[in-house]
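Here the sequence shown stands for residues 8 to 420, where the numbers follow the working numbering. All C-beta atoms in this analysis are idealised placements derived from N, C-alpha and C, irrespective of residue type, glycine included. Inspection log for the structure reproduced underneath, given as structure tokens.
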Amino acid sequence: MAFPLQDVTVPELKELCQAMWDWKLCGNCQQDIKERSCPPRRCSGVDNCPWGQRSERLGPFFDFYRGVTGSYVPDFFGEEDQALRGHRDLFDIIRLTRRCGFTVLRTLCMHQYFATRLGDVDSQTMVPESDQGRAFDLAARVLTMTNLDSADSQGFLNQTGGGDEEGIGFSPPAVRGSIACLQIALAEIFPSRIHPSLQAGDPQATVIKNGLTAEMLRRVAGIRIERTDNLRDHLRLDSTAGVVQVFHLTSVLREHLLATKPTGSDEDSSYETLPCLPRELALETLYTIQLIFPPGGNSQAMLRTLVSKQGFDPDSLRFGTALFELSRHERERALCFPVWGTRLMDLYDEIENPKPRGRLDVWLERRSKSRHIMLATAVGIFTAVILGLLSLCVSIFQTWIAWQEWKESAAGR
Ligand SMILES: [Zn+2]
């Protein structure tokens with residue numbers, strides 16, 4: 008089969024949610040996964056089965072999943088030669104990544120996974136390393152909603168192995184190439200910086216946060232909003248085209264936050280959930296979306312248009328994050344925007360000093376070069392001379408009339 012992940016069934020989507028967020032499914036749904044039922048069973052809805060409650064809301068995420076997995080092509084086509092034989096293999100890798108991929112070298116995870124798959128007997132897998140890497144990248148892409156396979160994530164991809172986990176506390180550039188666990192890769196992609204003008208005590212912060220809306224971006228800066236499902240492109244501004252990208256799959260961010268938040272039934276405070284996307288990052292991203300599209304008013308209306316016309320996740324219209332936060336401290340820290348602060352300030356700068364984007368603006372900008380200013384001055388002087396000559400003619404005429412009148416009155420006397 009050319010594309011082994013081309014089709015995805017409902018039971019597979021149920022298992023995907025289970026792998027991603029540890030969903031505790033009802034009996035029917037679990038049976039569904041076990042038997043790969045076709046057609047799928049109805050969710051019984053008992054025990055607050057999350058599939059019955061929230062799967063509909065995750066429609067845009069399932070579309071994203073179909074999109075990124077459908078195009079996977081293995082290096083070789085043989086049952087044991089391809090890294091991903093079906094969706095289940097990908098779910099296994101997602102589970103493994105959550106269990107240890109955040110802190111353990113990727114090469115070690117890969118080795119462990121493919122050795123176990125062969126059943127310990129022969130740990131020499133026939134799957135080419137490039138294909139193994141692609142499978143792990145795909146799992147990380149789905150899990151973190153971040154495309155790690157791009158030019159500026161070299162540290163994650165071109166890792167050589169041989170490092171150890173001691174380097175996790177180092178600053179990212181120092182460990183580039185030696186440590187390649189997900190935690191480090193994400194820290195490199197989403198570095199955290201303090202922006203003084205976005206901190207809670209700064210009077211400027213309120214002004215900036217109130218002024219940075221979708222409406223202002225469009226009306227003052229002439230910037231268009233486009234959706235992205237790659238978290239690393241969130242709030243990325245293309246200044247020349249006048250386009251800013253906004254990560255729209257908020258339903259996934261909320262699921263990540265729910266999955267990593269201990270529920271009331273987990274009495275034990277030491278209860279540890281497995282990581283998906285770092286909580287701070289998910290929460291801060293939700294806040295940036297609420298900042299740009301504040302409830303009520305034109306910005307919210309723009310978001311509704313983006314949902315209906317451009318396929319934004321309808322979940323982005325939901326406001327409020329209190330249900331997903333752990334503490335007030337967590338909220339306050341996220342509201343200082345340590346990760347997205349730089350891009351937010353760039354956007355605010357565009358509102359303060361808008362670049363010419365409309366046709367008239369560009370025309371004026373092009374004509375305000377010095378050559379054109381000289382020309383405009385010359386035209387101005389020429390006009391002044393003509394007007395001067397005209398007024399001279401008029402005064403000569405007036406003098407002539409006055410002289411005539413004087414002559415006539417002198418002759419009449
Ligand atoms: Zn169910």
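With respect to 8 angstroms, is the separation between the Cβ of S44 and the closest non-hydrogen atom of ligand 1 below this value? Checking the Cβ of S44 against ligand 1 gives no.
Quick one: what does DSSP say V251 is sitting in, helix, strand or coil? Of the three classes helix, strand and coil, the one that applies to V251 here is strand, per DSSP.
Buried/exposed call for E291, threshold 16 Cβ in 10 Å: When all chains shown are included, E291 counts as buried.
3-residue-minimum beta strand (DSSP E) runs that sit fully inside the region 173-243, ordered along the chain: 231-235, all fully within the region 173-243.
Pull up the CB-CB distance for M27 and I101, whole angstroms please, since I reckon it's below 8 angstroms. With a Cβ gap of about 6 angstroms, M27 and I101 count as contacting.
Report yes if the C-beta of W58 is less than 8 angstroms from at least one heavy atom of ligand 1; otherwise report no. The answer is yes for W58.
Secondary structure of D245, DSSP reduced to three states: Assignment of D245 by DSSP, reduced to helix, strand and coil, places it in the strand class.
Can you tell me whether N35 is buried or exposed, with buried defined as 16 or more other CB within 10 angstroms of its CB? Buried: at least 16 other Cβ atoms inside 10 Å.
Buried versus exposed, by CB contacts within 10 Å (16 or more), G327: Label assigned to G327: exposed.
Ligand 1 and L1: does the residue's C-beta get closer than 8 angstroms to at least one heavy atom of that ligand? Absent from the structure is residue 1, since the part of the chain shown begins at 8 and ends at 420.
Can at least three beta-carbon pairs, one atom from the region 343-362 and one from the region 199-207, be found at a separation below 8 angstroms? With the cut-off at 8 angstroms, the region 343-362 and the region 199-207 touch.
Could you check where the alpha helix (DSSP H) with T312 kicks off and where it finishes? Element bounds for T312: 304-317.
So, for D353: in the same chain, excluding its five sequence neighbours on each side, which residues have a beta-carbon less than 7 angstroms away from its beta-carbon? Hits under 7 angstroms: L244.
Thinking T257 and L293 are a contact (beta carbons under 8 angstroms), I'd like their distance in whole angstroms, please. About 6 angstroms separates the CB atoms of T257 and L293; that is less than 8 angstroms, so the two are in contact.
Which of helix, strand or coil does DSSP assign to Q161? Because Q161 carries a pLDDT of 38, less than 50, the predicted location of this residue cannot be relied on, and no value is offered for it.
Classify R49 as helix, strand or coil using the three-state DSSP reduction. Collapsing the DSSP output to three states places R49 in coil.
Whole-Å CB distance - P67 paired with D240, under 8 angstroms assumed: Wrong, their Cβ atoms sit about 16 angstroms apart, outside the cutoff.
With 16 other Cβ atoms within 10 Å as the buried cut-off, status of L397: When all chains shown are included, L397 counts as exposed.
Determine the direct distance from the alpha carbon of L238 to that of H336, and round the result to whole angstroms. Each residue's Cα considered, the two are about 24 angstroms apart.
Taking the C-alpha atoms as reference points, what is the distance between N154 and S44? Cα to Cα, N154 sits roughly 32 angstroms from S44.
Going by the C-beta, is G52 closer than 8 angstroms to any heavy atom of ligand 3? Ligand 3 is absent from the structure shown, which contains only ligand 1.
Ligand 1 heavy atom lying under 8 angstroms from the CB of C188: No - ligand 1 has no heavy atom lying nearer than 8 angstroms to the Cβ of C188.
Assign Q119 to one of three DSSP states: helix, strand, or coil. Correct three-state label for Q119: helix.
Is DSSP giving Q25 helix, strand or coil here? Helix at Q25.
I need the straight-line Cα distance from G176 to I196, nearest angstrom please. For G176, the pLDDT reaches just 36, beneath the cut-off of 50, and the residue's location in the model is therefore unreliable, although a value from the coordinates is still provided. Those two C-alpha atoms are separated by around 16 angstroms.
Nearest residue (CA-CA) to G52, options I40, Q37, R61, C33: With respect to the C-alpha of G52, the residue from I40, Q37, R61, C33 having the closest C-alpha is C33.
Please go through the same chain and pick out, in chain order, the residues whose beta-carbon is closer than 7 angstroms to the beta-carbon of L260, but skip the five residues on each side of it. Only A289, T292, L293 meet the Cβ criterion.
May I have the straight-line CA-CA distance separating H379 from F404, to the nearest angstrom? Approximately 38 angstroms between the Cα atoms of the pair.
Is it right to say G395 is buried, meaning 16 or more other beta carbons lie within 10 angstroms of its own, or is it exposed? When all chains shown are included, G395 counts as exposed.
Which residue from T123, R311, G85 puts its Cα closest to that of L103? The option with the nearest alpha carbon to L103 is T123.
Contact check, I393 vs A228 under 8 angstroms by CB: the rounded distance? Actually they are not in contact, since the Cβ atoms of I393 and A228 sit about 42 angstroms apart, beyond 8 angstroms.
According to DSSP, is A90 helix, strand or coil? Note: A90 maps to coil in three-state DSSP.
Secondary structure of W347, DSSP reduced to three states: Secondary structure of W347 (DSSP, three-state): coil.
With Q60 as the anchor, note down where its alpha helix (DSSP H) starts and where it stops. Looking at the DSSP string, the run of the alpha helix (DSSP H) that includes Q60 is 57-61.
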